[in-house]
Structures are given as C-alpha cells and as structure tokens.
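Colleague:
See below:
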C-alpha cells in the first residue's frame, strides 16, 4: 500500500519549492478519462493522491476492468488548487499501471489460447520505488506477481552456480531456508535442467531457450513429480504463444513492467 511519505516524495518531485502554476482559487470537480481502450490499474494509487491533498475522490472502475475511450475512471471534488496539484501525478500513476495491466492481459490472452493453465508472470525488472504498483498491475491484467522481493524465494542463477557449483548451491540454500521457501534454479541447457531437478530444485527456470529447446526440456523433466518449469529470457507478445505451447508451467516476461507503454488518460476539470 502507498504511504503518506511516498506520496509526499512524489508530489515534492513534481511541485518543487515554489509552485505558482496551481494557485487557483475556489472549488472544482474533475474526472480522469481514458483516451484509449485497455485494462485499468493503479486507480487506488491515483485516488490516494487526491485524498492525500484533501480532495474527495470516487473511483468509477476497479483494477482489472476493461475501459474504452471517453470512459470516466475516477471523479473528484474539492479545492481547485489541490486538485490541480494532484492531477499530473495521478495521471502518471494510472497511465503507467494501466499500461502494464494492458500488456499483461494481451500476453495472458495469447498464451492461453494454446495453453489454458499456463501462468504469465512478472520479474524483478521493475522501476525502483514502483514495484508494488507494477506488480499489482500485473495481477490486475491476469498475470502472476512472481516473487515480490528476494525474501520470497531462492533463485539460483548463473552467478551463484559459477561461485558455488549447482549442487552445492541447492544444498546450501536448502539448509538455510524454511521448508516453506521454494528454490528455483536457472538452467540454459537440458542437461543443466536435469541436474537442477536431481539436486532438489522445486522450480527449474529454462533461460533463453528457443521454443523447440524448451519443449524438449519440459518433456525430459516430465518424470519429476511436482517439479514446475518456467520459461524466461526475452519472451515477447509475438512469441509468448509459442512458449505456452511447449507445456511449460510459467512464462515470465520482464517486458511486462520495463517496456509497457503507458495507457493514455486525460484529467479534465469543471
């Protein structure tokens, strides 16, 4: 959830030390309007900005709803000065989050046309300070948040293997974590994937493999009971269905958060 101090920092960044532009007297009403179709997210964050400045606000939609051009997603009433001060920050938050949700929904829809149970997940490739907003937007779009931070799961990557060795790394982290904590191991070949499974990994991440190689590796791992497989590495909307067709359980896409175009919104007063 957003905190007052976080909103204060964002407002200070936008308003600076001497905001003359928004010294507008009186009261006004406002509405946040979609200018293009998409999946909305971040509406609670946008509303929190207005509330923080003492402006009454009423969300008209919920995160995950589909909107069309000219749909009103939020309305406000209060001080004209504070309404105008909140406007840009609220538009930016809603636009960015909705862009993430919209891209996620597209990825989910394309993948599930061929694999109804596959999960589309985010990664840790998030904007510093906005991880909560972006992860919630992924969920609003029908995706999976993946781990929120490093405490949620152990992921053994190539650098860990280079420093410790694959089997030693898995053994070491098993000893240092709770039974509730899953261990995932990154593999770039089918041989590495089988080694990870044999070492006791709960999830094997098939990194930077082609769809064909992913399919072969998933098939090779089919005998490992309860093992999950995840595909990752530059997967896009254009090829997400190809990866879904391989039988992999999860497809993680950094582009959901680091490359999603903002959904266009406009804030209008009066």
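In this note's numbering, the protein residues as written are 600 to 869. Note that CB positions come from ideal geometry on N, CA and C, so glycine has one too.
In or out: residue 600 buried (at least 16 other Cβ within 10 Å) or exposed?
Modeller: Counted from its first residue, the chain shown places residue 600 at position 1. Exposed: under 16 other Cβ atoms inside 10 Å.
Colleague: Should residue 897 and residue 781 be called a contact, given that it needs their Cβ atoms to be closer than 7 Å?
Modeller: No statement about residue 897 is possible, as the shown extent of the chain runs from 600 to 869 and does not include it.
Colleague: Considering just the uninterrupted stretch of the beta strand (DSSP E) at residue 802, what are its terminal residues?
Modeller: Within the chain shown, residue 802 is the residue found at index 203, counting from 1. 802 to 806 is the extent of the beta strand (DSSP E) around residue 802.
Colleague: Pop quiz: residue 739 and residue 700 are said to be a contact at Cβ under 8 Å. What is the actual Cβ separation, rounded to whole angstroms?
Modeller: Taking the first residue of the chain shown as 1, we reach residue 739 at position 140. Taking the first residue of the chain shown as 1, we reach residue 700 at position 101. Indeed, because the Cβ distance is near 4 Å, the residues count as touching under 8 Å.
Colleague: Quick one: residues in its chain with C-beta nearer than 8 Å to the C-beta of residue 636, no 5 flanking neighbours on either side, listed in chain order?
Modeller: On the chain shown, position 37 is the one that residue 636 refers to. Excluding sequence neighbours, residue 636 sits near 665, 666, 667, 668.
Colleague: For residue 637, list the residues DSSP reports as bridge partners.
Modeller: As a first step, residue 637 must be located in the chain shown, where it is residue number 38. According to DSSP, residue 637 bridges with 666.
Colleague: By how many angstroms is the C-alpha of residue 857 removed from the C-alpha of residue 605?
Modeller: By 1-based counting over the chain shown, the position of residue 605 is 6. By 1-based counting over the chain shown, the position of residue 857 is 258. Roughly 21 Å between the two C-alpha positions.
Colleague: Do the region 619 to 626 and the region 639 to 655 meet, that is, are 3 or more Cβ pairs less than 8 Å apart?
Modeller: With a cut-off of 8 Å, the region 639 to 655 and the region 619 to 626 do not count as touching, because too few Cβ pairs lie within range.
Colleague: Rounded to whole angstroms, what is the Cα-Cα separation between residue 833 and residue 848?
Modeller: Mapped onto the chain shown, residue 833 falls at position 234. Mapped onto the chain shown, residue 848 falls at position 249. Going by the C-alpha atoms only, they are around 17 Å apart.
Colleague: Which residues does DSSP pair with residue 867 in a beta bridge?
Modeller: The residue labelled residue 867 in the question sits at position 268 within the chain shown. Its beta-bridge partners are 630.
Colleague: Flag this pair as yes or no: are the beta carbons of residue 787 and residue 806 separated by less than 7 Å?
Modeller: The residue given as residue 787 occupies position 188 in the chain shown. The residue given as residue 806 occupies position 207 in the chain shown. Yes.
Colleague: Start and end of the beta strand (DSSP E) containing residue 658?
Modeller: As a working mapping, residue 658 is identified with position 59 in the chain shown. 655 to 658 is the extent of the beta strand (DSSP E) around residue 658.
Colleague: What residue range does the beta strand (DSSP E) around residue 672 cover?
Modeller: In the chain shown, counting from the first residue as 1, residue 672 sits at position 73. Per DSSP, residue 672 belongs to the beta strand (DSSP E) from 671 to 678.
Colleague: So for residue 829, helix, strand or coil by DSSP?
Modeller: Counting from 1 along the chain shown, the entry for residue 829 is found at position 230. In the structure shown, residue 829 sits in a strand (DSSP, three-state: E or B).
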